[in-house]
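Input: a single structure, listed below in structure tokens.
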Amino acid sequence: MTQSWPDHLFLIGCGNMAGQMLSRWLDCGLDPARVTVLRSSGKPVADGVAVMTVYPAALPSGTTVLLGMKPYQIADVAAALAPLCAADTRIVSILAGTTLADLRAHLPAARDIMRAMPNLPVGLGEGVTALFTDAATTAQAKADVAALIEPLGLVEWIADEALFNQVTALSGCGPAFLFRFIDALARAGEAIGIPADQAARMALATVQGSANMAARADARTGDSPGALADRVASPGGMTREGLNMLDADDRLLALLTDTLAAARDRGEAMARGA
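Per our numbering, the very first residue in the sequence shown carries number 1321; after that it's consecutive.
Right, dumping it as structure tokens:
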């Protein structure tokens, strides 16, 4: 099926996350002539993509705006953006801690407003993006934005905005937690005697291969990662002995629950601050 792109895509900010999204879209065939990026530095983004340092006098009809700046900048950005918005302007916000109600209050002319929370692997087309909107957004806008997000990886609509910080903690922050796990696995290998460079390569390849195996098993047989772990752990064997350490008193589960809760609570604090 041919990918459908917005008539015009206007990015406000193009930092790490928004940049990953744009890079993937361009790789998938988005015409750079359809894209404008607003960034104060004026630094180029990609061949053919227009970069502006000030807001245009008007936005083309049917523009999709991606809010990718820092969340604390929403008031200043909205003051300049709101007069440019029309009923057919679509707003997609990746601002952590900025609620849909806040966005609607700042941008009252825009009917179709959606929150999105992507994670870094979107640049590879292997990311996760959570989406949320309300009944005021049209079904066509929801479908079009979902189609825009699909090349980035898994798309999940969230029914309750109250869960958005929890979802962000899991999938939005999750890559950083997994990066830390890979690093710790390598350092643990070094601690038991494996040369550091070998331990680093082996840890990375082990996590990559295991994640691919878990994804394929889920698609083919519905086996969960937990079931796979038990399947490869022979009674009395080395794997089982290691799992016993992770499973004792649910220590791994407790650690990860505390980790996600801390990230969630920070998101809620940011929302209160906004």
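We put the CB at the ideal spot given by N, CA and C, even for glycine.
Spatial neighbours of residue i in its chain, beta-carbon cut-off 6 Å, leaving aside the 5 residues before and after
{"i": "T1449", "result": "A1436, P1438, I1469, L1472, V1475"}
{"i": "A1508", "result": "none"}
{"i": "N1485", "result": "R1584, G1587, E1588"}
{"i": "S1491", "result": "N1439, V1448"}
{"i": "A1506", "result": "A1519, A1520, A1523"}
{"i": "A1489", "result": "L1580, A1583, R1584"}
{"i": "P1545", "result": "A1534"}
Cut-off 8 Å between Cβ atoms - residues of its own chain near residue i, not counting five sequence neighbours on either side
{"i": "Y1375", "result": "L1358, A1400, L1401, L1404"}
{"i": "T1373", "result": "L1358, R1359, S1360, S1361, G1362"}
{"i": "S1554", "result": "R1560"}
{"i": "R1551", "result": "D1543"}
{"i": "T1356", "result": "H1328, L1329, F1330, L1331, V1369, A1370, V1371, M1372, P1376"}
{"i": "F1497", "result": "L1576, T1579"}
{"i": "I1514", "result": "M1522"}
Residue of the options minimising C-alpha distance to residue i
{"i": "L1281", "options": "G1445, G1333, M1522", "result": "Outside the displayed range of the chain (1321 to 1594) lies residue 1281, so it cannot be described from this structure."}
{"i": "D1432", "options": "V1355, A1459, N1485", "result": "A1459"}
{"i": "A1425", "options": "I1394, G1587, R1560, D1550", "result": "I1394"}
{"i": "G1333", "options": "I1502, R1344, L1386", "result": "L1386"}
{"i": "A1351", "options": "A1338, Q1340, D1367", "result": "The sequence given here has Asp at residue 1351, not Ala. Of the candidates A1338, Q1340, D1367, the one whose C-alpha sits nearest the C-alpha of D1351 is D1367."}
{"i": "Q1528", "options": "I1512, I1502, A1547", "result": "I1502"}
{"i": "A1482", "options": "D1569, G1546, A1353, L1420", "result": "L1420"}
{"i": "T1322", "options": "P1545, C1348, S1343, A1456", "result": "C1348"}
According to DSSP, residues forming a beta bridge with residue i
{"i": "T1449", "result": "P1438, V1475"}
{"i": "L1358", "result": "I1332, M1372"}
Residue j beta carbon less than 8 Å from that of residue i
{"i": "A1549", "j": "L1572", "result": "no"}
{"i": "P1391", "j": "L1415", "result": "yes"}
{"i": "A1539", "j": "S1324", "result": "no"}
{"i": "A1429", "j": "A1407", "result": "yes"}
{"i": "I1478", "j": "V1487", "result": "yes"}
{"i": "M1533", "j": "G1417", "result": "no"}
{"i": "Q1340", "j": "G1494", "result": "no"}
{"i": "G1382", "j": "A1338", "result": "no"}
{"i": "E1510", "j": "A1516", "result": "yes"}
Beta-carbon proximity list for residue i, same chain, < 7 Å, skipping 5 on both sides
{"i": "P1364", "result": "V1371"}
{"i": "P1380", "result": "D1327, H1328"}
{"i": "L1427", "result": "A1398, L1401, A1402, C1405, I1411, I1433"}
{"i": "L1566", "result": "L1572"}
{"i": "D1537", "result": "According to the sequence as given, residue 1537 is Ala; it is not Asp. Answer for A1537: D1543, L1548, listed in chain order."}
Cβ-heavy atom distance, residue i to the ligand GTP, below 7 Å
{"i": "D1454", "result": "Among the ligands in the structure shown, none appear at all, so the ligand GTP cannot be discussed."}
Inset, instruction - Please go through the region 1505-1592 and give each complete beta strand (DSSP E) segment of 3 or more residues, from N-terminal end onward. - result: none
Legend entry - Entirely enclosed beta strand (DSSP E) segments - the region 1366-1434, minimum 3 residues: Fully enclosed beta strand (DSSP E) runs of 3 or longer: 1370-1372, 1383-1387, 1410-1413.
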